[in-house]
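According to the numbering used here, the sequence shown is numbered sequentially starting from 31. Just so it is clear, CB atoms sit at the ideal spot from N, CA and C, and this is done for glycine as well. Below is one structure, written out as structure tokens; comments come after it.
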Amino acid sequence: MSEAEAFEKIHQISMGHMISRIVHAGTFLRIPDYVENGPKKAEDVAKDLNANVDNIYRLMRAMSSQGIMKEEDDHVFSKTPMSTLLTSGPQGYARSIILAECSDVHYRGFLSLVKTIQTGIFHGPSDNGVENFWDIHRNHPDVDLEFSKNMTALSLRQSPIVVKESDFTGCEITCDLGGSQGIITREILKQNPHVKKGINFDMGHLIELNKKQIREGSEMDRFEDQSGDFFTAVPYADAYTMKFIFHDWNDELCRKILSNIEKANPKAIVYIYDSIIDTKNQPGLFPLLDIKMMHFLDGRERSVEDWNTLVSGSNYRIASMNSTIQPGIVKLVHK
Ligand SMILES: C[S@@+](CC[C@H](N)C(=O)[O-])C[C@H]1O[C@@H](n2cnc3c(N)ncnc32)[C@H](O)[C@@H]1O
Numbered sequence: 031m032s033e034a035e036a037f038e039k040i041h042q043i044s045m046g047h048m049i050s051r052i053v054h055a056g057t058f059l060r061i062p063d064y065v066e067n068g069p070k071k072a073e074d075v076a077k078d079l080n081a082n083v084d085n086i087y088r089l090m091r092a093m094s095s096q097g098i099m100k101e102e103d104d105h106v107f108s109k110t111p112m113s114t115l116l117t118s119g120p121q122g123y124a125r126s127i128i129l130a131e132c133s134d135v136h137y138r139g140f141l142s143l144v145k146t147i148q149t150g151i152f153h154g155p156s157d158n159g160v161e162n163f164w165d166i167h168r169n170h171p172d173v174d175l176e177f178s179k180n181m182t183a184l185s186l187r188q189s190p191i192v193v194k195e196s197d198f199t200g201c202e203i204t205c206d207l208g209g210s211q212g213i214i215t216r217e218i219l220k221q222n223p224h225v226k227k228g229i230n231f232d233m234g235h236l237i238e239l240n241k242k243q244i245r246e247g248s249e250m251d252r253f254e255d256q257s258g259d260f261f262t263a264v265p266y267a268d269a270y271t272m273k274f275i276f277h278d279w280n281d282e283l284c285r286k287i288l289s290n291i292e293k294a295n296p297k298a299i300v301y302i303y304d305s306i307i308d309t310k311n312q313p314g315l316f317p318l319l320d321i322k323m324m325h326f327l328d329g330r331e332r333s334v335e336d337w338n339t340l341v342s343g344s345n346y347r348i349a350s351m352n353s354t355i356q357p358g359i360v361k362l363v364h365k
């Protein structure tokens with residue numbers, strides 16, 4: 031990389047938080063909805079939103095600079111594939127990524143990152159006046175809902191792949207711990223007609239929200255939402271799945287979940303769907319996500335070595351690991 035390229039890259043990085051907050055503002059104001067059905071004048075959008083005309087124009091221009099909509103004519107903007115993904119309609123499944131990840135509470139939480147790095151104690155939640163990341167969500171139901179929708183959007187892409195790579199032969203009951211809106215459990219039931227019951231297990235407030243939703247599909251006859259705390263106890267099952275759960279917690283707390291699984295059924299198989307990262311020079315999102323886990327949850331994105339360390343302190347052993355897909359799969363069986 032030349033010095034000029036290095037400088038340009040650093041300049042881009044310095045804009046990162048501004049870009050995400052600009053896109054958050056535009057998404058929050060539903061600007062992508064306005065251009066979805068045909069080109070739209072910034073003035074008309076401003077009028078409809080009862081907002082400052084010049085500022086709406088400048089916001090739309092800034093969003094265009096990132097490929098979110100296109101200025102076709104003076105002050106007239108049209109949609110792009112990115113703006114469609116940020117609409118509030120059925121095709122706008124990326125809207126919740128922006129509304130959750132770039133929300134005020136997540137943004138504010140990053141203010142104390144240096145403190146976390148220096149002290150080794152995670153400070154993300156304390157900047158929001160709470161002790162626990164999930165309490166931030168409990169106190170902000172709007173962010174909580176967008177976060178769940180975001181996890182669902184990701185799950186809809188990932189579940190068919192990880193479930194296909196997992197073997198539920200001989201399992202009558204499965205349980206997805208921290209299952210959010212139940213996408214993994216539904217996929218297990220769809221791909222495994224022999225499974226009699228699939229339990230989607232999550233915290234009470236989330237399960238209550240699930241129950242208010244209309245969820246259709248023949249697999250729903252065998253689907254059950256159950257609320258609880260996986261640090262206290264988990265329901266009986268023949269197979270447990272957990273997608274993006276262990277990355278939220280430190281090794282000790284992950285082992286606590288494993289010991290609760292052991293108490294419920296030591297013979298059960300355990301499938302962990304999580305990152306298995308390469309430690310050196312890995313480009314992409316996971317080393318960045320690792321910092322979020324460190325700062326908000328005392329969690330981590332784990333390498334093969336990290337997984338071995340975590341599991342070696344439990345009564346389980348790693349039966350197999352698959353890092354060829356995303357997320358990776360760590361299969362555990364009782365020792
Ligand atoms: C990162 S999200 C993953 C959601 C889902 N597994 C997925 O991949 O889309 C973590 C989930 O764990 C749930 N959770 C956190 N603490 C929990 C606890 N103590 N008991 C049960 N569920 C919990 C959260 O409500 C959230 O749905």
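Taking 8 angstroms as the limit between beta carbons, can you name the residues of its chain near D384, skipping five residues before and five after?
The chain is shown from 31 up to 365; residue 384 falls before or after that span and cannot be answered.
Ignore the nearest five residues each way along the sequence and tell me which others in H167's own chain have a CB closer than 7 angstroms to its CB.
Cβ neighbours of H167 beyond the five flanking positions: V173, D174 and F177.
Please check if any C-beta of chain C sits within less than 8 angstroms of the C-beta of C284.
The chain inventory of the structure shown lacks chain C, comprising one protein chain alone.
How is the beta strand (DSSP E) around M351 delimited, first residue to last?
Looking at the DSSP string, the run of the beta strand (DSSP E) that includes M351 is Y346 to N352.
Following a CB-centred definition, is I275 positioned closer than 7 angstroms to any heavy atom of ligand 1?
Checking the 7 angstroms criterion, the Cβ of I275 is within range of a heavy atom belonging to ligand 1.
Comparing the CB of F316 with every heavy atom of ligand 1, is any distance shorter than 7 angstroms?
No, ligand 1 has no heavy atom inside 7 angstroms of this Cβ.
Leaving out the 5 sequence neighbours to the left and right, which residues in its chain are closer than 8 angstroms to M272 when beta-carbon positions are compared?
So the list reads D206, L207, G208, I287, V300, Y301, I302, Y303 and D304, once near-sequence residues are dropped.
Candidates M233, N290 and F198: which alpha carbon is nearest E217's?
Residue F198 is the option with its Cα nearest to E217.
One or two residues paired with F140 in a DSSP bridge:
Beta-bridge pairing by DSSP links F140 to no other residue.
Could you tell me whether the Cβ atoms of L79 and I98 are closer together than 8 angstroms?
No; because the gap between Cβ atoms is not below 8 angstroms, this pair is not in contact.
Ordered along the chain, which non-local residues of its own chain (more than five positions away) have a Cβ less than 7 angstroms from that of K194?
Excluding positions up to five away in sequence, the list reads Q221.
Report yes if the C-beta distance between M323 and D278 is below 8 angstroms; otherwise report no.
A contact, by the Cβ cut-off of 8 angstroms.
Can you tell which of S133, K361 and L327 has its C-alpha closest to the C-alpha of A349?
Checked all of S133, K361 and L327; the closest Cα to A349 is K361.
Classification of D281 by the beta-carbon crowding that lies within 10 angstroms, buried from 16 upward:
Buried is the call here.
Selected residue, minimal CA-CA separation from I237, among F253, H54, A34 and S113
For I237, the closest C-alpha among the options F253, H54, A34 and S113 is that of F253.
Residue(s) in a DSSP beta bridge with G228
Answer is T204 and F253, bridged to G228.
Please determine if the segment 77 to 96 and the segment 135 to 151 are in contact, where contact requires at least 3 C-beta pairs separated by less than 8 angstroms.
Proximity of the segment 77 to 96 to the segment 135 to 151 falls short of the contact definition, fewer than three beta-carbon pairs being nearer than 8 angstroms.
Closest residue to M351 among F37, G122, E335 and G200 (Cα-Cα distance):
That would be E335, whose Cα lies nearest to the Cα of M351.
Out of curiosity, what's the CA-to-CA distance linking D165 and A183?
Taking the straight line joining both Cα atoms gives about 22 angstroms.
Counting only the same chain and skipping the five closest in sequence on each side, list residues whose C-beta sits under 7 angstroms from that of K179.
Taken in chain order, the residues that qualify are S126.
Residue interval of the alpha helix (DSSP H) (run including S289):
Its alpha helix (DSSP H) spans residues D281 to A294.
If we count the other Cβ atoms within 10 Å of its Cβ and call it buried at 16 or more, is S248 buried or exposed?
With fewer than 16 other CB atoms across the displayed protein chains lying within 10 angstroms of its CB, S248 is exposed.
Say the cut is 7 angstroms; is the CB of D278 nearer than that to a heavy atom of ligand 1?
Yes, since a heavy atom of ligand 1 falls inside the 7 angstroms radius drawn around the Cβ of D278.
Nonlocal neighbours in the same chain, by C-beta distance under 7 angstroms from S189, ignoring five residues either side
Result list for S189: I213, I214 and E217, in chain order.
So, using beta-carbon positions, are P69 and E102 closer together than 8 angstroms?
For P69 and E102, yes; Cβs fall inside 8 angstroms.
Using a Cβ-Cβ cutoff of less than 8 angstroms, which residues in the same chain neighbour T110 once the five nearest sequence positions on both sides are dropped?
Residues G97, I98, M99 and K100 of the same chain have their beta carbon placed closer than 8 angstroms to that of T110, with the five preceding and five following residues left out of the count.
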